[in-house]
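So the protein lines, in turn, are chains R and Z.
With positions in the first sequence counted from 1, the corresponding number in my numbering is that position plus 605.
With positions in the second sequence counted from 1, the corresponding number in my numbering is that position plus 40.
Beta carbons are placed, not taken as given, at the ideal position from N, Cα and C, and that holds for glycine.
Quick caveat, the model's predicted, so the values are computed rather than measured.
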Amino acid sequence: MKARNAVGTVAVNAEPGYLDPYRNRWIAIVKASYIYIVFLLIVLVFSVVKLDQVRFFGRGHFLSPVSIVNLLRSSVPIITLAGSFTLLMISEHIDLSVGSAMSLSAVIYALLVRSGVSFLPAFLITMVLGVLCGYVNGALVMKLRITPVIATLVTLNVFKGIALLIVPNRISAIKSTDTIKMPLWINDYARKAVFLRLPAAFYVAIAVVVVLVIVQRKTILGKYTAAMGGNRTAAELSGINTVRIGWILYIIVGVSAAMAGIARASYMSLGDPLSGDGMELDCIIAVLLGGTNFYGGEGSVEKSVIGALIIVCVTVGLMTVVPPFWQMVARGSVLIFAVTLNYLLAKD
Amino acid sequence: MDDMAIAVKPKNTFLRGISNESFISLFMITVLIVLYGVAGAIVPNFFLPRNVLNLVMNYWFTIILGIGVTFIMVTGNFDLSVGGNIAMTGVLSVYFCQAAGVSQNALANGLGLPYGVALALAMVCALAIGGINAFFVTKLKVPSIIVTLGTMMIARGVAQVVTQGAQRNTSLPDIFGVVGNASVGNTPIKISVVIMAVLVVVAFVVERKTVFGRRTYLIGANREAARLSGVKVNRHLAYLYLTSAFLAGVTGILLASEFKAGVSGRATGYEFDALVIVLLGGTSINGGFGSVLGTVVGALVLGVVTSAATGLLLSPDWQFLLKGIVTFLAILAQRYALDRRKS
Chain R
606 MKARNAVGTV AVNAEPGYLD PYRNRWIAIV KASYIYIVFL LIVLVFSVVK LDQVRFFGRG
666 HFLSPVSIVN LLRSSVPIIT LAGSFTLLMI SEHIDLSVGS AMSLSAVIYA LLVRSGVSFL
726 PAFLITMVLG VLCGYVNGAL VMKLRITPVI ATLVTLNVFK GIALLIVPNR ISAIKSTDTI
786 KMPLWINDYA RKAVFLRLPA AFYVAIAVVV VLVIVQRKTI LGKYTAAMGG NRTAAELSGI
846 NTVRIGWILY IIVGVSAAMA GIARASYMSL GDPLSGDGME LDCIIAVLLG GTNFYGGEGS
906 VEKSVIGALI IVCVTVGLMT VVPPFWQMVA RGSVLIFAVT LNYLLAKD
Chain Z
41 MDDMAIAVKP KNTFLRGISN ESFISLFMIT VLIVLYGVAG AIVPNFFLPR NVLNLVMNYW
101 FTIILGIGVT FIMVTGNFDL SVGGNIAMTG VLSVYFCQAA GVSQNALANG LGLPYGVALA
161 LAMVCALAIG GINAFFVTKL KVPSIIVTLG TMMIARGVAQ VVTQGAQRNT SLPDIFGVVG
221 NASVGNTPIK ISVVIMAVLV VVAFVVERKT VFGRRTYLIG ANREAARLSG VKVNRHLAYL
281 YLTSAFLAGV TGILLASEFK AGVSGRATGY EFDALVIVLL GGTSINGGFG SVLGTVVGAL
341 VLGVVTSAAT GLLLSPDWQF LLKGIVTFLA ILAQRYALDR RKS
């Protein structure tokens with residue numbers, strides 16, 4: 606059941622391919638590109654669904670420049686997180702605390718900015734906080750050997766609790782008050798257009814993705830991650846320090862969560878202690894949509910990013926079509942769909 | 041924590057005769073008593089009889105959920121769909137029961153079914169969620185945490201769609217509010233609490249004295265060995281998921297009846313509360329180990345901690361931090377105690 610590593614998949618593929626060489630190739634093509642097809646289909650559906658009311662690419666259309674910019678701006682946190690979450694899931698671990706870590710970062714960042722710290726120091730301090738969050742998760746899971754789900758469920762509550770405690774009573778978020786004003790520049794990072802109408806935060810997210818793609822494909826960390834997820838015992842026996850690799854991965858996820866939190870705080874220009882709620886689910890959905898095996902061992906960063914875009918498209922697109930209380934059903938269905946797809950592709 | 045371990049370390053006979061499950065339960069009972077004493081010493085009015093009663097009375101729904109979750113976790117799986125299932129069943133039971141075509145307001149109109157039929161249909165929907173869980177976990181071999189997260193969202197989503205994100209509480213027959221508010225005789229003990237107590241006893245007997253119960257442990261300890269020795273693992277897991285969904289459904293109906301309303305946001309986070317009390321009760325997340333008795337003790341521990349925090353006038357924001365820390369300490373303490381016992 607477990608350990609479907611690269612070698613195993615090839616061996617299974619070879620069987621029908623022996624009889625029909627074309628079938629094997631088609632399966633490979635579908636496996637490699639289905640996520641892009643799904644993405645295009647979803648975009649297509651949402652761009653034709655209201656054509657009786659709006660002009661193609663016109664105002665209010667799903668593919669109008671304004672709505673594309675809005676969509677990409679609001680997808681910055683999930684894009685930032687999807688890549689590192691993929692690496693973590695390839696190593697057969699999970700981090701349910703990303704949402705809370707993101708909320709906590711957003712609160713801390715907003716607090717720093719409001720108390721007069723300028724952009725770069727506030728950014729860096731929040732990143733250090735992200736490292737800390739990841740370090741704690743790594744310590745619980747890798748050092749104390751608590752099951753990832755439970756350990757990160759504990760830290761989910763702890764981070765969220767701290768974020769809620771930092772925000773004073775009877776106030777919903779860190780924001781401008783009568784006595785102390787939130788500087789206006791907090792918005793710039795995630796809203797002010799720097800290139801092609803898109804803000805700096807978007808390009809930072811893309812940079813993170815590019816770095817993680819390189820990490821996965823070209824570095825030892827990427828190889829060891831896959832080896833660890835494929836068969837942890839074998840990886841340990843061949844001399845890989847799995848504790849350290851897992852710990853590093855948790856720290857990377859923590860840093861990504863901090864960056865996502867900064868982007869969210871900057872986008873909303875306040876530090877909401879609940880702003881990251883549900884992010885862990887979105888991450889899981891994105892990663893599974895991207896075809897990462899849920900028993901670890903294989904997956905790809907760039908496909909998870911497409912998965913993340915699919916979630917954002919579905920969320921935003923559905924808002925234009927049905928009342929907002931359908932969101933939950935839609936999200937749950939997308940998750941079940943992703944899981945089924947994942948199963949069918951892994952089975953072949 | 042340290043003197044606990046010293047008390048365990050000697051190879052004394054009275055602790056050797058009992059199973060590891062009972063040992064952990066005893067351990068947690070000791071923790072409970074100590075916590076209770078500490079809380080009583082620092083929180084004013086903590087020892088009032090009314091408070092002791094409330095500890096159990098306020099946690100009946102978590103304990104009912106905990107029963108189903110304990111069994112599933114003993115097999116090494118999760119069920120996070122229970123919270124959403126409560127909301128869905130409650131909302132649907134209200135929707136089916138509301139009179140049809142009485143008002144302009146869409147939320148005041150239901151299907152106008154008779155009370156019994158409405159409850160039965162709502163339970164069918166609850167079991168359907170369990171069925172989906174079982175199908176994906178057993179047939180498609182998907183990790184249960186992911187499937188049940190998905191069904192959690194779907195169930196809560198259905199509740200939100202039916203109530204349009206709010207609640208339904210009008211044009212209900214009087215009988216709807218009876219079960220959830222009725223109490224036994226003149227005591228303040230509610231029927232719901234009695235149902236919980238009966239379920240705990242039944243679950244305890246099933247766990248300790250029936251083949252079904254022992255097979256659950258076998259599956260958790262070694263699924264492959266269980267399959268090879270003739271246990272129908274998939275069917276067994278399906279029964280457990282259906283049971284858990286059934287318990288969630290019953291809880292949902294009782295809660296809807298208590299407030300005489302179907303609220304889409306009801307039971308938010310209950311799945312985590314259930315998970316927390318099961319973990320506090322010493323059930324191993326890897327399966328093969330745990331007990332319903334432990335879960336009940338876990339619920340009481342959580343109850344003492346939460347009500348002590350409330351008694352100390354801490355803001356409700358503290359509860360997340362407290363739950364996290366208590367769970368973490370409990371897991372560490374239990375592992376430590378078990379390790380000391382084995383060595």
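Residue 945(R) places its beta carbon less than 8 Å from that of residue 180(Z). Bridge pairing for residue 876(R): 779(R) [DSSP]. The C-alpha of residue 185(Z) lies about 31 Å from the C-alpha of residue 355(Z). In the three-state reduction of the DSSP assignment, residue 207(Z) falls in the strand class.
In the structure shown, residue 321(Z) falls within a coil segment according to DSSP collapsed to helix, strand and coil. Listed in chain order, the non-local C-beta contacts of residue 792(R) below 7 Å within the same chain comprise 871, 874, local neighbours out to five positions each way being set aside.
When secondary structure is reduced to three states using DSSP, residue 179(Z) falls in the helix class.
Note that the region 712-724 of chain R does not touch the region 835-851 of chain R; fewer than 3 beta-carbon pairs, one per stretch, sit closer than 8 Å.
Listed by position along chain Z, the residues whose Cβ is nearer than 7 Å to that of residue 765(R) are 360. In the DSSP assignment, residue 798(R) falls within the beta strand (DSSP E) that extends over 798-800.
Closer than 8 Å at the C-beta level to chain R, one finds no residue of the region 62-93 of chain Z.
The region 673-687 of chain R and the region 854-869 of chain R touch, with no fewer than 3 CB-CB distances between them shorter than 8 Å. Closer than 8 Å to the CB of residue 936(R) there is at least one CB belonging to chain Z. A distance below 8 Å between beta-carbons, with the five flanking residues on each side excluded, links residue 304(Z) to the following residues of its chain, in chain order: 127, 131, 196, 199, 200, 202, 203, 205, 206, 207. At a cut-off of 8 Å between beta-carbon atoms, residue 933(R) makes contact with chain Z. Among the CB atoms of chain R, one or more fall inside 8 Å of the CB of residue 193(Z).
Put simply, the CB of residue 940(R) is near chain Z, with a gap under 8 Å to one of its CB atoms. Under the 8 Å Cβ criterion, the region 147-161 of chain Z does not count as touching the region 884-900 of chain R, having fewer than three qualifying pairs.
At a cut-off of 8 Å between beta-carbon atoms, residue 325(Z) makes contact with chain R.
Proximity to residue 211(Z) across 193(Z), 142(Z), 283(Z) peaks at 142(Z), based on C-alpha coordinates. Cβ atoms of residue 191(Z) and residue 318(Z) stay farther apart than 8 Å, at about 18 Å. Annotation for residue 252(Z): 246 place their beta carbon closer than 7 Å to its own, counting only its chain and skipping 5 residues before and after. Taking 7 Å as the Cβ-Cβ cut-off, the region 767-782 of chain R approaches chain Z at 767, 769, 770, 774, given in chain order.
Around the CB of residue 101(Z), 16 or more other CB atoms lie within 10 Å, so the residue is classed as buried. Judged by beta-carbon spacing, residue 74(Z) lies beyond the 8 Å limit of residue 348(Z), meaning their Cβ atoms are not closer than that value. Assigned with DSSP and collapsed to three states, residue 302(Z) falls in strand. In summary, the residues of the region 357-381 of chain Z whose CB is separated from some CB of chain R by less than 8 Å are 357, 358, 359, 360, 361, 362, 363, 364, 365, 367, 368, 371, 372, in the order they occur in the chain. For residue 756(R), the enclosing alpha helix (DSSP H) has its first and last residue at 753-771. Fewer than three Cβ pairs drawn from the region 883-890 of chain R and the region 811-826 of chain R lie within less than 8 Å of each other, which leaves the two stretches out of contact. Interface with chain Z (8 Å Cβ-Cβ cutoff): residue 728(R) is excluded. As DSSP reads the structure, residue 804(R) sits in a beta bridge with 798(R). In the DSSP assignment, residue 734(R) falls within the alpha helix (DSSP H) that extends over 724-743.
In the DSSP annotation of this structure, the continuous segment of the alpha helix (DSSP H) that includes residue 77(Z) starts and ends at 60-82. By a beta-carbon distance limit of 8 Å, residue 223(Z) contacts residue 231(Z). Their separation comes to about 7 Å. For residue 200(Z), the C-beta contacts it makes with chain R under 7 Å involve 930, 933, in order along the chain. For residue 309(Z), same chain residues with a beta-carbon under 7 Å away, outside a window of 5 residues either side, are 123 in chain order.
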